[in-house]
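J.: In the numbering used here, the protein residues as written are 74 to 574. Glycine included, every Cβ here is placed at the ideal spot set by N, Cα and C. This is the structure I have questions about; it appears just below.
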């Protein structure tokens, strides 16, 4: 049987392989006569026709790189000359990216005075960039921006009072707020949070590692609204990891902050300094965040903030550190829930409307109420777990070195699970057995505030025959004295409360 012509196999190959084989056909021996040339040309035209249709189909499914719209606003810092190896200074290159992103045209708007840039992205392309001065947008009044995906490292000459990223329109504006350490409820401070003065809105920092090289801080946010910091790692700061001043609704989530990279038990822990997060503003939230080294984990001087799922194991209380410091005497309005205070405690100045619950305090970590004007009102410390070293440390302590607490109302410290520490509460109960006409029950070991019992409930049970008269004779120095009209053998059960007026 005669073999099929060679070109019947070549038709399955790409065009670039087809023509060389056809051109070589006359020199190739064949056992049968070749088909007419017209027949071959028809086959080739037929094949090319179908190949063209295939290319058109593929083109309709895939968008070529060169067909991406030129006005797409995803800015890659490497396209601007930034060095992703970190060997060369990339400050100018990244600032040009910030400038171009800021200058993006948009007819949309967010809050009054803030342009909506539509989700413009500044991508660090997974690189490690050396910078020598703060990265700042060239002006205020923009929002809906994402900065993501890389690492920034401060150079050795980075300004010690700066931040790697400063969300403020100018150094002078940031300095004005940073100098203002007062509470945010004065007329001047209220003006900084008015809707006409927000610098930025809805800006997201995501998937960033910021190495401050012990030269200043990580991120500074000034008078801004609805800012998100997600999955960021901020380390080697000399001042503050994240500073929020003015504005409100900054959310810090799923992030890690530490002056020194450690996992606990660091031999240099006594020398930890700086602050992990500073919130000098209202309505912010810190959620699922770890602060693993700093003198102070979280500093709060603003109202209506939420701390949830936070693990503080910065400088231990025994070394002079503080996990969370609340410095807004008279109107705290802060909730600390579902957190983990690991050898470092909480300090609250004149707490008013403060709630602490479902939190683990480990290693003698405790809560200190610090008197400034002697006020504590609307305080709940309930349903927490305390675990210590049997050193007699009280779970709640009073610092009355400046003044004694005089205005105490609506305070509930109760239902806490305590092991190896001294239980302290605003409620207490005890039973006392005896024989005579007077029974004294001492509640000093358990009650938080000295010489304060507002309510007493008691029951008296006589083991003798008869019905003696009995009553509360005295309540002072956190002791309850109950007397009977005749000597009798019996027992007294008493319950006291010092939290409600």
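In chain order, what residues of the same chain lie with their CB nearer than 6 Å to the CB of residue 309, ignoring the 5 residues before and after it?
T.: Residue numbering aside, residue 309 sits at position 236 when the chain shown is read from its first letter. Same-chain partners within the cutoff: 284, 285, 286, 287.
J.: From the DSSP secondary-structure annotation, give me the bridge partner or partners of residue 458.
T.: Locating residue 458 in the chain shown gives position 385, counting from the first residue. Paired residues: 433, 490.
J.: Grab me the residues of residue 63's own chain with a C-beta within less than 6 Å of its C-beta, minus the 5 sequence neighbours each way, in chain order.
T.: The structure shown does not extend to residue 63, since the chain is modelled only from 74 to 574, so the question has no answer here.
J.: Spatial neighbours of residue 464 within its chain, please: CB distance less than 7 Å, with the 5 preceding and 5 following residues excluded, ordered by chain position.
T.: As a working note, residue 464 is residue 391 in the chain shown. Counting only Cβ-Cβ distances below 7 Å, and skipping sequence neighbours, we find 437.
J.: Can you grab the Cα-Cα spacing for the pair residue 150 / residue 226, in whole Å?
T.: Here residue 150 corresponds to residue number 77 of the chain shown, with the count starting at 1. Here residue 226 corresponds to residue number 153 of the chain shown, with the count starting at 1. The alpha-carbon atoms of residue 150 and residue 226 are separated by roughly 15 Å.
J.: So what does DSSP say about residue 273, is it helix, strand or coil?
T.: Mapped onto the chain shown, residue 273 falls at position 200. Strand, per DSSP.
J.: Am I right that residue 331 and residue 366 are in contact with their C-beta atoms under 8 Å? What's the rounded C-beta distance?
T.: Residue 331 sits at position 258 when you count from the first residue of the chain shown. Residue 366 sits at position 293 when you count from the first residue of the chain shown. Between residue 366 and residue 331 the Cβ distance is about 4 Å, and since that is below 8 Å, they are a contact.
J.: I need the straight-line Cα distance from residue 347 to residue 543, nearest angstrom please.
T.: Numbered from 1 along the chain shown, position 274 holds the residue referred to as residue 347. Numbered from 1 along the chain shown, position 470 holds the residue referred to as residue 543. About 60 Å.
J.: Kindly indicate which three-state DSSP category residue 473 falls into: helix, strand or coil?
T.: In the chain shown, counting from the first residue as 1, residue 473 sits at position 400. DSSP places residue 473 in coil when its eight states are reduced to three.
J.: Assuming residue 190 and residue 179 form a contact by the criterion Cβ under 8 Å, report the distance between their Cβ atoms to the nearest whole angstrom.
T.: Translated into the one-based positions of the chain shown, residue 190 becomes position 117. Translated into the one-based positions of the chain shown, residue 179 becomes position 106. Contact holds; Cβ gap of about 5 Å.
J.: Counting beta carbon pairs with one atom in the region 442-454 and one in the region 393-407, are three or more of them shorter than 8 Å?
T.: They touch, by the three-pair rule.
J.: First and last residue of the alpha helix (DSSP H) that includes residue 172?
T.: Within the chain shown, the letter at position 99 stands for residue 172. Note, residue 172: alpha helix (DSSP H), 164-175.
J.: Can you check whether the CB of residue 555 is closer than 9 Å to the CB of residue 545?
T.: As a working note, residue 545 is residue 472 in the chain shown. As a working note, residue 555 is residue 482 in the chain shown. Their beta carbons are under 9 Å apart, which means residue 545 touches residue 555 by this criterion.
J.: Which value, in whole angstroms, describes the spacing of the CA atoms of residue 120 and residue 126?
T.: Position 47 of the chain shown, counted from the first residue, corresponds to residue 120. Position 53 of the chain shown, counted from the first residue, corresponds to residue 126. If you take the alpha carbons of residue 120 and residue 126, they lie about 10 Å apart.
J.: By alpha-carbon positions, which one of 278, 211, 204 ends up nearest to residue 231?
T.: The residue labelled residue 231 in the question sits at position 158 within the chain shown. Here the closest residue by C-alpha is 204.
J.: By the DSSP assignment, the beta strand (DSSP E) with residue 566 in it spans what residues?
T.: Position 493 of the chain shown, counted from the first residue, corresponds to residue 566. From DSSP, the beta strand (DSSP E) with residue 566 extends over 552-570.
J.: Is it the case that the Cβ atoms of residue 410 and residue 432 are separated by a distance below 9 Å?
T.: The residue you call residue 410 lines up with position 337 of the chain shown. The residue you call residue 432 lines up with position 359 of the chain shown. A contact, by the Cβ cut-off of 9 Å.
J.: For the region 157-166 against the region 180-189, are there 3 or more C-beta pairs whose distance is under 8 Å?
T.: No: the two stretches stay apart, fewer than three of their Cβ pairs being nearer than 8 Å.
J.: According to DSSP, simplified to helix, strand and coil, what is residue 120?
T.: By one-based count along the chain shown, residue 120 stands at place 47. Correct three-state label for residue 120: helix.
J.: Whole angstroms are fine: how far does the CA of residue 195 sit from the CA of residue 220?
T.: Taking the first residue of the chain shown as position 1, residue 220 is located at position 147. Taking the first residue of the chain shown as position 1, residue 195 is located at position 122. When rounded, the distance between both Cα atoms is 5 Å.
J.: Taking the alpha-carbon positions, what's the residue 511 to residue 457 distance?
T.: Position 438 of the chain shown, counting from 1, holds the residue named residue 511. Position 384 of the chain shown, counting from 1, holds the residue named residue 457. Those two C-alpha atoms are separated by around 37 Å.
J.: What is the rounded straight-line gap between the Cα of residue 422 and the Cα of residue 280?
T.: Residue numbering aside, residue 422 sits at position 349 when the chain shown is read from its first letter. Residue numbering aside, residue 280 sits at position 207 when the chain shown is read from its first letter. In a straight line, the C-alpha of residue 422 is about 35 Å away from that of residue 280.
J.: Whose CA, out of 509, 524, 368, lies closest to the CA of residue 515?
T.: In the chain shown, the residue the question calls residue 515 occupies position 442. Of the candidates 509, 524, 368, the one whose C-alpha sits nearest the C-alpha of residue 515 is 524.
J.: Among residues of its own chain, excluding the 5 on either side of residue 375, which ones have a beta-carbon nearer than 6 Å to its beta-carbon?
T.: Sequence index remark: in the chain shown, residue 375 carries index 302 (1-based). Taken in chain order, the residues that qualify are 257, 352, 353, 354, 355.
J.: Tell me which residues share the same chain as residue 342 and place their Cβ nearer than 7 Å to its Cβ, disregarding the 5 neighbours each side in the sequence.
T.: Within the chain shown, the letter at position 269 stands for residue 342. Contacts found: 388, 389, 392.
J.: Going by DSSP, what residues sit across from residue 290 in a beta bridge?
T.: Sequence index remark: in the chain shown, residue 290 carries index 217 (1-based). Partner(s): 236.
J.: Could you tell me which whole beta strand (DSSP E) segments of length 3 or greater appear in the region 175-210?
T.: For the region 175-210, whole beta strand (DSSP E) runs of length 3 or above, ordered along the chain, are 188-196, 201-204.
J.: Since residue 285 sits in a beta bridge, which residues does DSSP pair it with?
T.: Along the chain shown, read from residue 1 onward, the residue named residue 285 stands at position 212. Note: residue 285 sits in no beta bridge, so no partner.
J.: Taking Cβ positions, are residue 471 and residue 498 nearer each other than 9 Å?
T.: Walking along the chain shown from the start, residue 471 turns up at place 398. Walking along the chain shown from the start, residue 498 turns up at place 425. Contact: no.
J.: For residue 382, I'd like the list of residues in its chain whose CB is within less than 6 Å of its CB, leaving aside the five on either flank, ordered along the chain.
T.: For the purposes of this step, residue 382 is taken as the residue at position 309 of the chain shown. For residue 382, where only same-chain residues beyond five positions count, the Cβ hits under 6 Å are 360, 361, 411.
J.: How far does the beta strand (DSSP E) with residue 532 in it extend, from its first residue to its last?
T.: Within the chain shown, the letter at position 459 stands for residue 532. Run containing residue 532: 528-535, per the beta strand (DSSP E) assignment.
J.: Just verifying my parser: in three-state terms, what is the DSSP assignment at residue 522?
T.: On the chain shown, residue 522 is found 449 positions in, with the first residue counted as 1. Looking at residue 522 - three-state DSSP - the assignment turns out to be coil, as it is neither helix nor strand.
J.: Would residue 152 be called buried (16 or more neighbouring beta carbons within 10 Å of its own) or exposed?
T.: On the chain shown, position 79 is the one that residue 152 refers to. Residue 152 comes out exposed.
J.: Could you check which residue in 571, 508, 551 has the C-alpha nearest to that of residue 565?
T.: For this step, residue 565 is matched to residue 492 along the chain shown. Closest option to residue 565, Cα to Cα, is 508.
J.: Hey, residue 526 and residue 548 are a contact pair by Cβ (cut 8 Å); roughly how many whole angstroms apart?
T.: Taking the first residue of the chain shown as 1, we reach residue 526 at position 453. Taking the first residue of the chain shown as 1, we reach residue 548 at position 475. Sure, about 5 Å apart at Cβ, within 8 Å.
J.: Could you round the C-beta distance between residue 289 and residue 235 to whole angstroms and report it? I think they count as a contact, below 8 Å.
T.: Within the chain shown, the letter at position 216 stands for residue 289. Within the chain shown, the letter at position 162 stands for residue 235. Yes, residue 289 and residue 235 are in contact; Cβ-Cβ is about 5 Å, under 8 Å.
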